[in-house]
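Student: Would you mind keeping the following structure in view while I ask a few things?
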Amino acid sequence: MPGPGSTLRSTLGSLIRGLSRWAGRMAAIGPTDRAAQDYGRFGKGSIVAWPRGAGFGERWIWLGSDTLIAAHVTLSAGMGPGQEMVTDPVVRIGDRCLIGRGTAVVGHFSIDIGDDVYMGMNIYITDQNHGYEDLDKPIGTQTPSDEAVSIGSGSWIGSGAVILPGARIGSHVVVGANSVVRGDVPDNSVVVGSPARVVRHHDGSGWKRDNPDHPAPG
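Going by my numbering, the first residue of the sequence shown is number 193, and it counts up by one from there.
See below:
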(Lines of atoms letter the chains of each structure in order from A and count residues from 1; the text may use other names and numbers.)
(Lines give C-alpha, C1' and ligand atoms only; values in the text may rest on other atoms or scores of the structure.)
Protein backbone atom coordinates (compact mmCIF):
# COMPACT_ATOMS: atom_id res chain seq x y z
CA MET A 1 0.00 0.00 0.00
CA PRO A 2 1.20 3.53 -0.72
CA GLY A 3 2.62 5.33 2.30
CA PRO A 4 1.54 8.72 3.68
CA GLY A 5 4.23 10.52 1.67
CA SER A 6 3.07 8.98 -1.58
CA THR A 7 -0.56 9.85 -0.85
CA LEU A 8 0.35 13.45 -0.01
CA ARG A 9 2.41 13.78 -3.18
CA SER A 10 -0.44 12.45 -5.30
CA THR A 11 -2.93 14.82 -3.66
CA LEU A 12 -0.68 17.85 -4.04
CA GLY A 13 0.15 16.92 -7.62
CA SER A 14 -3.51 16.71 -8.52
CA LEU A 15 -4.15 20.08 -6.87
CA ILE A 16 -1.23 21.77 -8.63
CA ARG A 17 -2.27 20.39 -12.03
CA GLY A 18 -5.80 21.65 -11.47
CA LEU A 19 -4.54 25.08 -10.45
CA SER A 20 -2.28 25.19 -13.50
CA ARG A 21 -5.19 24.45 -15.85
CA TRP A 22 -7.31 27.07 -14.08
CA ALA A 23 -4.52 29.65 -14.29
CA GLY A 24 -4.09 28.97 -18.01
CA ARG A 25 -7.77 29.54 -18.67
CA MET A 26 -7.80 32.73 -16.61
CA ALA A 27 -4.62 34.13 -18.20
CA ALA A 28 -5.65 33.46 -21.82
CA ILE A 29 -6.34 36.66 -23.76
CA GLY A 30 -9.80 37.16 -25.26
CA PRO A 31 -11.28 40.11 -27.16
CA THR A 32 -12.70 41.75 -24.01
CA ASP A 33 -9.43 41.61 -22.05
CA ARG A 34 -7.31 44.70 -21.62
CA ALA A 35 -4.31 42.95 -23.20
CA ALA A 36 -6.31 42.53 -26.43
CA GLN A 37 -6.26 46.32 -26.82
CA ASP A 38 -2.51 46.12 -27.45
CA TYR A 39 -3.16 44.43 -30.80
CA GLY A 40 -3.90 46.35 -33.98
CA ARG A 41 -7.04 44.23 -34.28
CA PHE A 42 -8.34 41.40 -32.11
CA GLY A 43 -11.38 39.68 -33.60
CA LYS A 44 -14.48 38.51 -31.81
CA GLY A 45 -14.21 34.98 -30.44
CA SER A 46 -10.42 34.78 -30.78
CA ILE A 47 -8.15 33.50 -28.02
CA VAL A 48 -4.42 33.79 -27.35
CA ALA A 49 -3.63 30.90 -24.99
CA TRP A 50 -1.37 31.11 -21.97
CA PRO A 51 1.54 30.93 -21.52
CA ARG A 52 2.48 32.93 -24.58
CA GLY A 53 5.78 32.64 -26.36
CA ALA A 54 8.01 35.67 -26.83
CA GLY A 55 6.12 38.51 -28.43
CA PHE A 56 6.16 42.22 -29.08
CA GLY A 57 4.88 44.74 -31.61
CA GLU A 58 1.26 43.75 -30.94
CA ARG A 59 0.11 47.08 -32.37
CA TRP A 60 1.21 45.83 -35.79
CA ILE A 61 -0.47 42.42 -35.45
CA TRP A 62 -4.06 41.81 -36.57
CA LEU A 63 -6.05 38.76 -35.48
CA GLY A 64 -9.29 37.83 -37.22
CA SER A 65 -12.39 36.39 -35.60
CA ASP A 66 -12.71 32.93 -34.00
CA THR A 67 -8.98 32.29 -34.27
CA LEU A 68 -7.04 30.25 -31.69
CA ILE A 69 -3.40 30.98 -30.93
CA ALA A 70 -2.17 28.01 -28.88
CA ALA A 71 0.20 28.15 -25.91
CA HIS A 72 3.89 29.00 -26.36
CA VAL A 73 3.28 30.66 -29.75
CA THR A 74 5.55 33.59 -30.61
CA LEU A 75 3.89 36.45 -32.49
CA SER A 76 6.18 39.40 -33.13
CA ALA A 77 6.43 42.44 -35.38
CA GLY A 78 9.79 44.18 -35.69
CA MET A 79 13.16 43.75 -34.04
CA GLY A 80 12.01 44.73 -30.55
CA PRO A 81 9.39 46.55 -28.48
CA GLY A 82 8.57 50.11 -29.52
CA GLN A 83 9.89 49.92 -33.08
CA GLU A 84 7.90 51.90 -35.65
CA MET A 85 7.08 49.76 -38.67
CA VAL A 86 6.69 50.80 -42.32
CA THR A 87 3.72 48.48 -43.00
CA ASP A 88 0.48 48.04 -41.07
CA PRO A 89 -0.27 45.33 -40.32
CA VAL A 90 3.04 43.53 -40.32
CA VAL A 91 1.37 40.24 -39.33
CA ARG A 92 -2.23 39.52 -40.30
CA ILE A 93 -3.93 36.27 -39.29
CA GLY A 94 -7.39 35.71 -40.74
CA ASP A 95 -10.64 34.31 -39.38
CA ARG A 96 -11.09 30.80 -37.94
CA CYS A 97 -7.37 29.98 -37.93
CA LEU A 98 -5.54 27.62 -35.58
CA ILE A 99 -1.88 28.31 -34.84
CA GLY A 100 -0.35 25.26 -33.16
CA ARG A 101 1.66 25.13 -29.95
CA GLY A 102 5.26 26.32 -30.14
CA THR A 103 4.91 28.01 -33.53
CA ALA A 104 6.77 31.28 -34.23
CA VAL A 105 5.43 33.94 -36.61
CA VAL A 106 8.23 36.52 -36.81
CA GLY A 107 7.31 39.50 -38.98
CA HIS A 108 9.30 42.54 -40.07
CA PHE A 109 7.55 43.58 -43.28
CA SER A 110 4.48 41.54 -44.24
CA ILE A 111 3.17 38.11 -43.25
CA ASP A 112 -0.41 37.52 -44.39
CA ILE A 113 -2.24 34.35 -43.32
CA GLY A 114 -5.67 33.83 -44.87
CA ASP A 115 -8.87 32.49 -43.35
CA ASP A 116 -9.32 28.91 -42.12
CA VAL A 117 -5.60 28.16 -42.06
CA TYR A 118 -4.64 25.37 -39.66
CA MET A 119 -1.10 24.86 -38.44
CA GLY A 120 0.53 22.04 -36.51
CA MET A 121 3.15 22.48 -33.80
CA ASN A 122 6.59 24.11 -33.86
CA ILE A 123 6.32 25.86 -37.23
CA TYR A 124 8.60 28.80 -38.07
CA ILE A 125 7.42 31.61 -40.37
CA THR A 126 9.48 34.70 -41.15
CA ASP A 127 9.75 37.38 -43.81
CA GLN A 128 13.36 38.39 -43.12
CA ASN A 129 16.80 36.90 -43.78
CA HIS A 130 20.23 38.20 -42.84
CA GLY A 131 22.63 39.01 -45.65
CA TYR A 132 25.83 36.99 -45.96
CA GLU A 133 27.61 38.56 -48.94
CA ASP A 134 30.23 40.59 -47.01
CA LEU A 135 32.93 38.17 -45.88
CA ASP A 136 34.39 40.77 -43.49
CA LYS A 137 31.23 41.00 -41.37
CA PRO A 138 29.55 38.35 -39.23
CA ILE A 139 26.35 37.21 -40.92
CA GLY A 140 24.30 38.20 -37.88
CA THR A 141 25.37 41.85 -38.20
CA GLN A 142 24.76 42.25 -41.94
CA THR A 143 21.80 44.19 -43.28
CA PRO A 144 18.76 41.91 -43.50
CA SER A 145 16.44 41.68 -46.49
CA ASP A 146 12.65 41.49 -46.29
CA GLU A 147 10.28 39.61 -48.61
CA ALA A 148 6.53 39.37 -48.00
CA VAL A 149 5.05 35.99 -47.06
CA SER A 150 1.47 34.89 -47.74
CA ILE A 151 -0.47 31.73 -46.95
CA GLY A 152 -3.76 31.24 -48.76
CA SER A 153 -7.07 30.45 -47.14
CA GLY A 154 -8.00 26.88 -46.31
CA SER A 155 -4.42 25.63 -46.15
CA TRP A 156 -2.82 23.19 -43.71
CA ILE A 157 0.78 23.62 -42.54
CA GLY A 158 2.27 20.48 -41.00
CA SER A 159 4.30 20.40 -37.78
CA GLY A 160 7.91 21.51 -38.00
CA ALA A 161 7.54 23.28 -41.35
CA VAL A 162 9.66 26.35 -42.09
CA ILE A 163 8.16 29.11 -44.23
CA LEU A 164 10.92 31.38 -45.54
CA PRO A 165 10.89 34.97 -46.84
CA GLY A 166 9.23 35.28 -50.24
CA ALA A 167 6.99 32.23 -49.81
CA ARG A 168 3.62 32.69 -51.52
CA ILE A 169 1.51 29.67 -50.64
CA GLY A 170 -1.79 29.40 -52.49
CA SER A 171 -5.21 28.43 -51.20
CA HIS A 172 -6.09 24.88 -50.13
CA VAL A 173 -2.46 23.81 -49.94
CA VAL A 174 -1.01 21.05 -47.76
CA VAL A 175 2.54 21.70 -46.58
CA GLY A 176 3.96 18.44 -45.27
CA ALA A 177 5.59 18.15 -41.86
CA ASN A 178 9.18 19.46 -41.66
CA SER A 179 9.02 20.93 -45.17
CA VAL A 180 10.96 24.10 -46.04
CA VAL A 181 9.03 26.44 -48.32
CA ARG A 182 10.20 29.39 -50.37
CA GLY A 183 8.75 30.85 -53.57
CA ASP A 184 5.37 30.22 -55.17
CA VAL A 185 3.21 27.23 -54.30
CA PRO A 186 0.12 26.87 -56.53
CA ASP A 187 -3.45 26.60 -55.25
CA ASN A 188 -4.85 23.14 -54.53
CA SER A 189 -1.55 21.34 -54.17
CA VAL A 190 0.51 19.24 -51.76
CA VAL A 191 4.17 20.06 -51.14
CA VAL A 192 6.73 18.13 -49.12
CA GLY A 193 10.46 18.13 -48.49
CA SER A 194 13.39 20.50 -48.20
CA PRO A 195 13.16 22.37 -50.45
CA ALA A 196 9.42 21.78 -50.71
CA ARG A 197 8.29 20.10 -53.93
CA VAL A 198 4.82 19.71 -55.41
CA VAL A 199 3.87 16.03 -55.21
CA ARG A 200 0.13 16.32 -55.88
CA HIS A 201 -2.24 18.87 -57.38
CA HIS A 202 -5.93 19.14 -58.26
CA ASP A 203 -6.55 19.83 -61.94
CA GLY A 204 -10.30 20.44 -61.67
CA SER A 205 -11.26 16.82 -62.22
CA GLY A 206 -9.32 15.21 -59.39
CA TRP A 207 -6.03 14.93 -57.56
CA LYS A 208 -3.00 14.05 -59.70
CA ARG A 209 0.50 12.99 -58.75
CA ASP A 210 3.42 15.19 -59.78
CA ASN A 211 7.03 14.36 -60.50
CA PRO A 212 8.64 14.62 -57.04
CA ASP A 213 11.98 15.60 -58.63
CA HIS A 214 10.57 18.99 -59.63
CA PRO A 215 10.71 21.63 -56.85
CA ALA A 216 7.83 23.97 -56.20
CA PRO A 217 8.00 26.85 -58.71
CA GLY A 218 9.46 30.10 -57.55
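Every residue, glycine too, gets a C-beta built ideally from N, C-alpha and C.
Would you say V354 and I303 are within 9 Å of each other, going by their C-beta atoms?
Tutor: For the purposes of this step, residue 354 is taken as residue 162 along the sequence shown, with counting starting at 1. For the purposes of this step, residue 303 is taken as residue 111 along the sequence shown, with counting starting at 1. Not in contact: V354 and I303 (Cβ atoms no closer than 9 Å).
Student: Give me the Cα-Cα distance between H300 and G332, rounded to the nearest whole angstrom.
Tutor: Within the sequence shown, residue 300 is the residue found at index 108, counting from 1. Within the sequence shown, residue 332 is the residue found at index 140, counting from 1. Roughly 16 Å between the two C-alpha positions.
Student: Have a look at I361, S268, V240 and P357 and flag the residue whose alpha-carbon is nearest the alpha-carbon of D379.
Tutor: By one-based count along the sequence shown, residue 379 stands at place 187. Selected option, being the one with the closest Cα: I361.
Student: Confirm, please, whether the CB-CB distance from G232 to T259 is below 9 Å.
Tutor: Here residue 259 is taken as the residue at index 67 of the sequence shown, counted from 1. Here residue 232 is taken as the residue at index 40 of the sequence shown, counted from 1. Contact: no.
Student: Between which two residues does the beta strand (DSSP E) harbouring Q229 extend?
Tutor: Here the question's residue 229 lines up with position 37 in the sequence shown. Element bounds for Q229: n/a, residue is neither H nor E.
Student: Which runs of the alpha helix (DSSP H), 4 residues or longer, sit entirely within the region 335-385?
Tutor: Fully enclosed alpha helix (DSSP H) runs of 4 or longer: not present.
Student: Thinking C-beta only, is I285 closer than 9 Å to A269?
Tutor: As a working note, residue 269 is residue 77 in the sequence shown. As a working note, residue 285 is residue 93 in the sequence shown. Contact: no.
Student: Taking the alpha carbon of V367 as the reference point, which residue from I239, L356, I291 and I349 has its own alpha carbon closest?
Tutor: As a position in the sequence shown, residue 367 is number 175, starting the count at 1. Answer by Cα proximity: I349.
Student: With a threshold of 6 Å on Cβ separation, who are the neighbours of I221 within its own chain once the five nearest residues in sequence on each side are excluded?
Tutor: Locating residue 221 in the sequence shown gives position 29, where the first residue counts as 1. A227, A228 and V240.
Student: Have a look at V382 and G245 and give me their C-alpha separation to the nearest angstrom.
Tutor: Position 190 of the sequence shown holds residue 382. Position 53 of the sequence shown holds residue 245. Their backbone Cα atoms lie some 29 Å apart in a straight line.
Student: Quick check: the Cα distance between G352 and G292, rounded to an integer number of angstroms?
Tutor: In the sequence shown, counting from the first residue as 1, residue 352 sits at position 160. In the sequence shown, counting from the first residue as 1, residue 292 sits at position 100. Between G352 and G292, the C-alpha separation is close to 10 Å.
Student: When DSSP labels each residue in this structure, what does R251 get in the three-state scheme?
Tutor: Stepping through the sequence shown from its first residue, residue 251 is reached at position 59. Here R251 sits in helix by DSSP.
Student: Say yes only if the C-beta of V278 is nearer than 8 Å to one or more non-hydrogen atoms of the ligand FMN, and no if none qualify.
Tutor: This structure lacks the ligand FMN; in fact it carries no ligand of any kind.
Student: Any idea what DSSP makes of G272, helix, strand or coil?
Tutor: By 1-based counting over the sequence shown, the position of residue 272 is 80. It is coil, neither helix nor strand.
Student: Suppose the cutoff is 8 Å on Cβ atoms and the five residues either side in sequence are ignored; what does the same chain contact list for V373 look like?
Tutor: Locating residue 373 in the sequence shown gives position 181, counting from the first residue. Within the same chain, V373 has close Cβ partners A353, V354, I355, L356, A359, I361, V367, V383, P387, A388 and A408.
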